[in-house]
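Protein sequences appear in the order of chains A and B. Under the numbering used here, the first residue of the first sequence is numbered 4, with each subsequent residue one higher. Under the numbering used here, the first residue of the second sequence is numbered 4, with each subsequent residue one higher. Yeah, the Cβ is synthetic: ideal placement off N, Cα and C, and Gly gets one too. Scroll down for the structure; my scribbles are underneath it.
There are 2 protein chains.
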Amino acid sequence: MRLSQFHLHTSKETPADAEVISHKLMLKAGMIRKLAAGLYTWSPLGLRVLRKVERAVREEMDAAGAIEVLMPSVQPRELWEETGRWQKFGGQLLKIKDRKDAEYCYGPTHEEVITDFARNELASYKQLPVNFYQIQTKFRDEIRPRFGVMRAREFLMKDAYSFHISDADLVREYRNMHDTYSRIFTRLGLKFRAVQADSGAIGGDASQEFHVLADSGEDAIAYCIEDDSDGSGYAANLEAAEAVAPGERPAATEAMHQIDTPTQKTCEEVAALMGIALERTVKSVALMGVDADAKPQFGLALVRGDHAVNEIKLAKLPGLGDYRLATEAEIAEHLGSEPGFLGPVAPKNAIRIVADRSVAAMADFVVGANETGYHLAGVNWGRDLPEPDTVADIRNVVAGDPSPDGRGTLAIARGIEVGHVFQLGRKYAEAMKCTVLDDNGKAATPAMGCYGIGVSRIVAAAIEQNFDANGIAWPEAMAPWQAVVCVINPKKDPAVAEAAEALYRELNAAGVETALDDRGLRPGAMFADIELIGIPHRVVVSERGLASGSFEYRHRRAEEAENLDRSALLARLGVAG
Amino acid sequence: MRLSQFHLHTSKETPADAEVISHKLMLKAGMIRKLAAGLYTWSPLGLRVLRKVERAVREEMDAAGAIEVLMPSVQPRELWEETGRWQKFGGQLLKIKDRKDAEYCYGPTHEEVITDFARNELASYKQLPVNFYQIQTKFRDEIRPRFGVMRAREFLMKDAYSFHISDADLVREYRNMHDTYSRIFTRLGLKFRAVQADSGAIGGDASQEFHVLADSGEDAIAYCIEDDSDGSGYAANLEAAEAVAPGERPAATEAMHQIDTPTQKTCEEVAALMGIALERTVKSVALMGVDADAKPQFGLALVRGDHAVNEIKLAKLPGLGDYRLATEAEIAEHLGSEPGFLGPVAPKNAIRIVADRSVAAMADFVVGANETGYHLAGVNWGRDLPEPDTVADIRNVVAGDPSPDGRGTLAIARGIEVGHVFQLGRKYAEAMKCTVLDDNGKAATPAMGCYGIGVSRIVAAAIEQNFDANGIAWPEAMAPWQAVVCVINPKKDPAVAEAAEALYRELNAAGVETALDDRGLRPGAMFADIELIGIPHRVVVSERGLASGSFEYRHRRAEEAENLDRSALLARLGVAG
Numbered sequence: 004m005r006l007s008q009f010h011l012h013t014s015k016e017t018p019a020d021a022e023v024i025s026h027k028l029m030l031k032a033g034m035i036r037k038l039a040a041g042l043y044t045w046s047p048l049g050l051r052v053l054r055k056v057e058r059a060v061r062e063e064m065d066a067a068g069a070i071e072v073l074m075p076s077v078q079p080r081e082l083w084e085e086t087g088r089w090q091k092f093g094g095q096l097l098k099i100k101d102r103k104d105a106e107y108c109y110g111p112t113h114e115e116v117i118t119d120f121a122r123n124e125l126a127s128y129k130q131l132p133v134n135f136y137q138i139q140t141k142f143r144d145e146i147r148p149r150f151g152v153m154r155a156r157e158f159l160m161k162d163a164y165s166f167h168i169s170d171a172d173l174v175r176e177y178r179n180m181h182d183t184y185s186r187i188f189t190r191l192g193l194k195f196r197a198v199q200a201d202s203g204a205i206g207g208d209a210s211q212e213f214h215v216l217a218d219s220g221e222d223a224i225a226y227c228i229e230d231d232s233d234g235s236g237y238a239a240n241l242e243a244a245e246a247v248a249p250g251e252r253p254a255a256t257e258a259m260h261q262i263d264t265p266t267q268k269t270c271e272e273v274a275a276l277m278g279i280a281l282e283r284t285v286k287s288v289a290l291m292g293v294d295a296d297a298k299p300q301f302g303l304a305l306v307r308g309d310h311a312v313n314e315i316k317l318a319k320l321p322g323l324g325d326y327r328l329a330t331e332a333e334i335a336e337h338l339g340s341e342p343g344f345l346g347p348v349a350p351k352n353a354i355r356i357v358a359d360r361s362v363a364a365m366a367d368f369v370v371g372a373n374e375t376g377y378h379l380a381g382v383n384w385g386r387d388l389p390e391p392d393t394v395a396d397i398r399n400v401v402a403g404d405p406s407p408d409g410r411g412t413l414a415i416a417r418g419i420e421v422g423h424v425f426q427l428g429r430k431y432a433e434a435m436k437c438t439v440l441d442d443n444g445k446a447a448t449p450a451m452g453c454y455g456i457g458v459s460r461i462v463a464a465a466i467e468q469n470f471d472a473n474g475i476a477w478p479e480a481m482a483p484w485q486a487v488v489c490v491i492n493p494k495k496d497p498a499v500a501e502a503a504e505a506l507y508r509e510l511n512a513a514g515v516e517t518a519l520d521d522r523g524l525r526p527g528a529m530f531a532d533i534e535l536i537g538i539p540h541r542v543v544v545s546e547r548g549l550a551s552g553s554f555e556y557r558h559r560r561a562e563e564a565e566n567l568d569r570s571a572l573l574a575r576l577g578v579a580g
Numbered sequence: 004m005r006l007s008q009f010h011l012h013t014s015k016e017t018p019a020d021a022e023v024i025s026h027k028l029m030l031k032a033g034m035i036r037k038l039a040a041g042l043y044t045w046s047p048l049g050l051r052v053l054r055k056v057e058r059a060v061r062e063e064m065d066a067a068g069a070i071e072v073l074m075p076s077v078q079p080r081e082l083w084e085e086t087g088r089w090q091k092f093g094g095q096l097l098k099i100k101d102r103k104d105a106e107y108c109y110g111p112t113h114e115e116v117i118t119d120f121a122r123n124e125l126a127s128y129k130q131l132p133v134n135f136y137q138i139q140t141k142f143r144d145e146i147r148p149r150f151g152v153m154r155a156r157e158f159l160m161k162d163a164y165s166f167h168i169s170d171a172d173l174v175r176e177y178r179n180m181h182d183t184y185s186r187i188f189t190r191l192g193l194k195f196r197a198v199q200a201d202s203g204a205i206g207g208d209a210s211q212e213f214h215v216l217a218d219s220g221e222d223a224i225a226y227c228i229e230d231d232s233d234g235s236g237y238a239a240n241l242e243a244a245e246a247v248a249p250g251e252r253p254a255a256t257e258a259m260h261q262i263d264t265p266t267q268k269t270c271e272e273v274a275a276l277m278g279i280a281l282e283r284t285v286k287s288v289a290l291m292g293v294d295a296d297a298k299p300q301f302g303l304a305l306v307r308g309d310h311a312v313n314e315i316k317l318a319k320l321p322g323l324g325d326y327r328l329a330t331e332a333e334i335a336e337h338l339g340s341e342p343g344f345l346g347p348v349a350p351k352n353a354i355r356i357v358a359d360r361s362v363a364a365m366a367d368f369v370v371g372a373n374e375t376g377y378h379l380a381g382v383n384w385g386r387d388l389p390e391p392d393t394v395a396d397i398r399n400v401v402a403g404d405p406s407p408d409g410r411g412t413l414a415i416a417r418g419i420e421v422g423h424v425f426q427l428g429r430k431y432a433e434a435m436k437c438t439v440l441d442d443n444g445k446a447a448t449p450a451m452g453c454y455g456i457g458v459s460r461i462v463a464a465a466i467e468q469n470f471d472a473n474g475i476a477w478p479e480a481m482a483p484w485q486a487v488v489c490v491i492n493p494k495k496d497p498a499v500a501e502a503a504e505a506l507y508r509e510l511n512a513a514g515v516e517t518a519l520d521d522r523g524l525r526p527g528a529m530f531a532d533i534e535l536i537g538i539p540h541r542v543v544v545s546e547r548g549l550a551s552g553s554f555e556y557r558h559r560r561a562e563e564a565e566n567l568d569r570s571a572l573l574a575r576l577g578v579a580g
């Protein structure tokens with residue numbers, strides 16, 4: 004591609020309304036342009052990158068035996084009523100009425116449509132297993148679309164749905180898709196991790212998320228450091244990572260005593276005042292759940308002072324499915340105290356104590372005294388207060404925790420979710436009465452898996468992982484072009500233009516996708532553009548270089564340019580000279 | 004592709020609700036499945052064909068210098084208000100409200116979005132000419148979606164929009180796109196014709212339609228027979244084809260006289276009664292238009308008895324822009340007659356006479372007498388009635404008419420519109436205040452062209468042109484596979500399966516896209532499937548053939564199969580042996 008014939012449109016200004024680096028750089032590079040909230044046009048440059056991702060996804064899905072289909076984006080309400088999701092899906096579902104007042108939605112996902120397709124197309128177990136996928140435009144009516152294409156309303160997604168006669172077959176295909184996703188992200192040159200996920204609203208039996216690692220990621224990921232060399236070790240979304248049970252509780256050594264903490268309300272402040280480690284303090288979170296009779300019940304969730312409550316784990320406990328934080332009035336009623344001095348010792352009323360496993364294993368710990376200005380130290384279970392009502396894993400893991408697989412310690416990284424694999428089980432097939440005949444001729448409900456990749460989001464996520472002060476630094480597989488030949492002053496010296504043209508043709512013929520920057524810009528402006536849009540290999544053809552038989556070569560990630568002769572240049576670009 | 008691993012799902016039943024052959028065959032072959040009115044899922048088989056079309060379109064557009072972008076399908080109302088089309092587009096526009104009650108539509112076309120993109124992206128004439136295209140899903144809320152994907156509501160379209168600093172540049176790109184479209188349809192192996200079109204509601208200066216020729220086509224096309232060898236001769240949509248002016252009017256030879264036509268109301272009946280040629284009669288169509296003062300005006304449109312009125316031509320005449328047919332009461336008031344005996348001679352009131360050019364050139368003709376049961380013969384202009392108020396081309400051309408290019412005679416064919424090129428001019432750019440700086444540094448409104456291809460419709464149109472009693476007979480370039488290797492009884496004889504597998508691999512390696520029918524069906528069922536889905540080349544590997552060193556080969560359009568040895572087979576498939 005000659006850039007003079009290509010609509011490249013970069014900008015020097017940093018867009019004011021872009022919050023994250025990928026959004027800023029995609030706008031500056033002219034990859035996307037906003038049409039309305041959460042709606043973006045992909046420019047020629049942006050689309051080249053998007054298509055690279057799309058092609059990698061398609062080729063790997065095909066190689067994995069999945070079969071491509073294309074479903075409508077507009078879906079009738081009736082199907083969504085069959086699964087109950089017309090109501091349950093919530094405000095993200097963009098609802099539409101046609102000219103006859105029939106109701107539809109713009110599909111945010113296609114479980115209903117594919118299950119309808121399957122119940123019509125699949126009659127026998129002999130047609131299974133089968134995995135249908137599509138690469139298609141979706142719409143989710145986000146309350147606050149942001150971060151450019153990272154959380155757009157209209158976006159490009161690869162979604163796949165598999166059907167199986169047995170659970171074992173589902174598990175096999177689930178693993179196949181897991182491995183396929185790993186191949187896709189590896190091929191795209193991304194640092195990523197597959198993590199155990201909380202399966203959330205889509206439901207089902209097992210699920211894993213794929214995250215592109217980036218400091219700006221919205222999600223926290225816990226992974227086993229010692230196992231990390233090949234990415235196959237333990238990793239989980241912080242929401243789901245298990246905090247391993249601690250050892251036995253030590254014996255009590257101190258008597259319980261009151262400490263003056265006139266202004267010290269947080270564990271950090273109390274520990275500093277007392278000159279003790281934060282790990283010896285206990286944080287009390289007051290909340291309202293329900294008891295066994297479904298009546299409101301006040302409780303305290305206890306985690307160590309250096310830990311944080313994991314709301315998802317907490318909500319999985321009996322009576323806490325819909326818990327909320329307690330109000331100050333409720334706290335006063337049950338503990339007779341104001342926030343900042345709460346604790347589990349001697350409450351006014353009977354309350355429920357939910358202790359994290361690490362708290363249940365503590366002795367001689369520090370808690371609020373339920374009296375303004377005081378904490379209690381040397382507190383011990385069984386002696387100063389009853390054993391906890393509930394002991395469970397209710398905290399987020401932290402760096403240094405032992406890995407649940409027993410193979411080392413955990414570290415925390417940040418990630419951007421770009422893929423998700425689910426074992427859906429029979430939820431959708433049952434709701435929609437999708438059956439096939441099994442090998443006994445009896446109707447059987449197939450097990451389903453579903454597997455999504457955020458194709459357009461990957462483009463933004465890759466930038467979050469690959470940029471510097473000058474712009475984007477694409478992994479080779481995602482770059483709009485692998486290489487660019489820059490011509491200095493082509494109009495001044497026809498020989499320079501000819502040499503550049505010849506090199507440009509030669510590289511393309513050799514399979515290196517190469518652009519020719521023949522726009523006639525001055526070197527500074529040209530190089531700034533090329534760095535901004537992130538082309539991995541830059542070759543400069545100039546009068547001076549031509550005279551000395553050399554080309555100036557610079558990799559996007561290199562500190563300096565170097566002068567290479569022709570054969571060294573070709574070797575650097577992987578072309579046999 | 005091994006068909007055992009591919010979800011092929013044909014049906015023996017002919018779908019009752021499908022009206023046209025392409026819809027029937029696409030359902031029988033399992034290419035599409037209906038989700039709701041005008042919404043179809045493309046099965047793996049159907050999608051393979053759709054992608055062939057998509058790829059051909061993309062590659063030819065790229066080669067022609069157009070640049071691909073991707074615009075959102077959901078478009079904000081505000082843009083459509085700028086061009087006035089939010090109201091004017093009519094019921095086909097699918098309107099949407101999001102969760103914040105902001106209004107959008109599901110784009111049926113993208114003139115507004117691309118012009119918004121252009122006014123932001125294009126600042127200088129130096130960025131022109133440029134032609135942006137996309138291949139993207141559109142929605143038109145048809146009142147009566149029908150014929151499967153031929154007139155679906157959600158469909159795949161290639162739309163392109165070009166921007167130019169001068170009209171000359173627009174004309175140049177318009178021709179480029181015309182030639183590109185010809186290359187696309189030629190490459191797809193379709194018999195087609197580019198025809199002059201009435202540019203209709205989109206407006207603009209010039210436009211041509213591309214029609215796939217098929218007897219079932221909804222449109223009639225007039226073309227010059229003598230010029231037809233390379234498709235470059237005169238051709239026009241019947242709506243737009245010019246009826247060449249006839250020669251001089253002959254002198255009158257008969258006196259006007261009344262004929263008894265007690266039950267004869269049509270020109271055909273009168274001509275039969277009189278034993279004269281239909282061409283000597285004149286048909287009178289009573290209509291209401293407006294006069295120069297915009298007051299209602301009764302008129303008669305006159306065409307020869309063997310001709311039909313062309314409503315589009317008629318509506319272009321002054322005062323007839325919004326004409327309608329007259330009621331019986333209006334006819335009685337102005338002519339004193341009932342329908343069936345109308346004529347231009349001696350009306351009760353002053354009326355407007357609009358004569359087709361061929362009628363104005365007639366002498367001694369036959370018309371209704373404005374009296375029930377009578378016609379007049381030997382009627383002559385200027386003598387029996389005044390010269391017509393308006394003489395114009397208001398009829399459809401018929402086969403045998405002289406071609407307007409003076410190079411022969413016209414024939415009529417039927418076609419399915421699959422492409423359309425328009426010179427839009429400055430209509431959208433002006434409405435949306437899109438300007439660029441010209442070479443004098445002044446703001447100039449660019450001229451625009453737009454160029455559409457119905458990608459999914461092409462699939463159906465190709466079938467309408469290529470089928471027989473056994474199913475589809477794809478042109479090579481659109482077939483899901485070029486060839487299929489059928490294995491007879493693979494389980495009985497491993498050598499047969501091995502030979503088939505080897506041939507399958509060899510053909511694919513040689514660039515012949517080949518499927519292996521390893522489903523283990525009996526020959527009759529297998530061959531019926533293969534003929535139904537329309538694979539051009541079928542090779543059968545059987546025990547008997549293997550014993551004699553031959554393969555059974557049959558082209559989809561051949562009457563008989565033939566036995567070929569290996570090298571003859573490879574030669575037939577275009578593979579060097």
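When DSSP builds the beta bridges, which residues end up paired with leucine 281 of chain A? Leucine 281 of chain A pairs with nothing; no bridge assigned.
Between the region 472 to 486 of chain A and the region 52 to 64 of chain A, are three or more C-beta pairs nearer than 8 Å? As far as the Cβ criterion goes, the region 472 to 486 of chain A touches the region 52 to 64 of chain A, which means the pair count is three or higher.
I need the straight-line Cα distance from alanine 358 of chain A to phenylalanine 301 of chain A, nearest angstrom please. Between alanine 358 of chain A and phenylalanine 301 of chain A, the C-alpha separation is close to 14 Å.
Could you give the DSSP three-state label for threonine 140 of chain A: helix, strand or coil? Strand at threonine 140 of chain A.
Would you say proline 449 of chain B faces chain A, with C-beta separation under 7 Å as the test? Output row for proline 449 of chain B: interface = no.
Please name the residue or residues paired with tryptophan 45 of chain B in a DSSP beta bridge. Answer is A/Leu73, B/Ile35.
Which value, in whole angstroms, describes the spacing of the CA atoms of tyrosine 431 of chain A and glutamate 85 of chain A? Taking C-alpha positions only, tyrosine 431 of chain A is separated from glutamate 85 of chain A by approximately 9 Å.
Under 8 Å by Cβ, that's how I've got arginine 460 of chain A and valine 247 of chain A pegged, so tell me the actual separation to the nearest angstrom. Rounded to the nearest angstrom, the Cβ distance from arginine 460 of chain A to valine 247 of chain A is 33 Å, too far for a contact under 8 Å.
Along chain A, in chain order, which residues have C-beta atoms closer than 7 Å to that of methionine 74 of chain B? Neighbours of methionine 74 of chain B on chain A, chain order: Thr44.
Contact set between glycine 3 of chain A and chain B, taken where Cβ atoms lie within less than 9 Å: Only positions 4 to 580 of chain A appear in this structure, which leaves residue 3 of chain A out of reach.
Which stretch, first to last residue, makes up the alpha helix (DSSP H) that contains glutamate 501 of chain B? Run containing glutamate 501 of chain B: 497 to 512, per the alpha helix (DSSP H) assignment.
Using a beta-carbon distance below 7 Å, is phenylalanine 150 of chain B in contact with chain A? False, the Cβ-Cβ gap to chain A never drops below 7 Å.
Would you tell me roughly how many angstroms separate the C-alpha atoms of glutamate 467 of chain B and alanine 363 of chain B, rounded to the nearest one? Going by the C-alpha atoms only, they are around 41 Å apart.
Please confirm whether leucine 519 of chain B and arginine 5 of chain B have their CB atoms less than 7 Å apart. Yes. Within cutoff.
Under 7 Å by beta carbon: chain A residues contacting glutamine 8 of chain B: Within chain A, Gly68 have C-beta atoms less than 7 Å from the C-beta of glutamine 8 of chain B, given in sequence order.
For asparagine 123 of chain A, which residues in chain B fall below 8 Å Cβ to Cβ? Residues of chain B whose Cβ lies closer than 8 Å to the Cβ of asparagine 123 of chain A are, in chain order, Arg36.
Round the Cβ separation of leucine 317 of chain A and isoleucine 397 of chain A to the nearest angstrom and send it over; I've been treating them as touching at under 8 Å. Contact holds; Cβ gap of about 5 Å.
Close Cβ partners of glycine 532 of chain A (< 6 Å) along its chain, the five nearest in sequence each way excluded: Strictly speaking, residue 532 of chain A in this sequence is aspartate, with glycine absent from that position. Thr13.
For the alpha helix (DSSP H) holding serine 361 of chain A, just list the boundary residues, first then last. For serine 361 of chain A, the enclosing alpha helix (DSSP H) starts and ends at 360 to 363.
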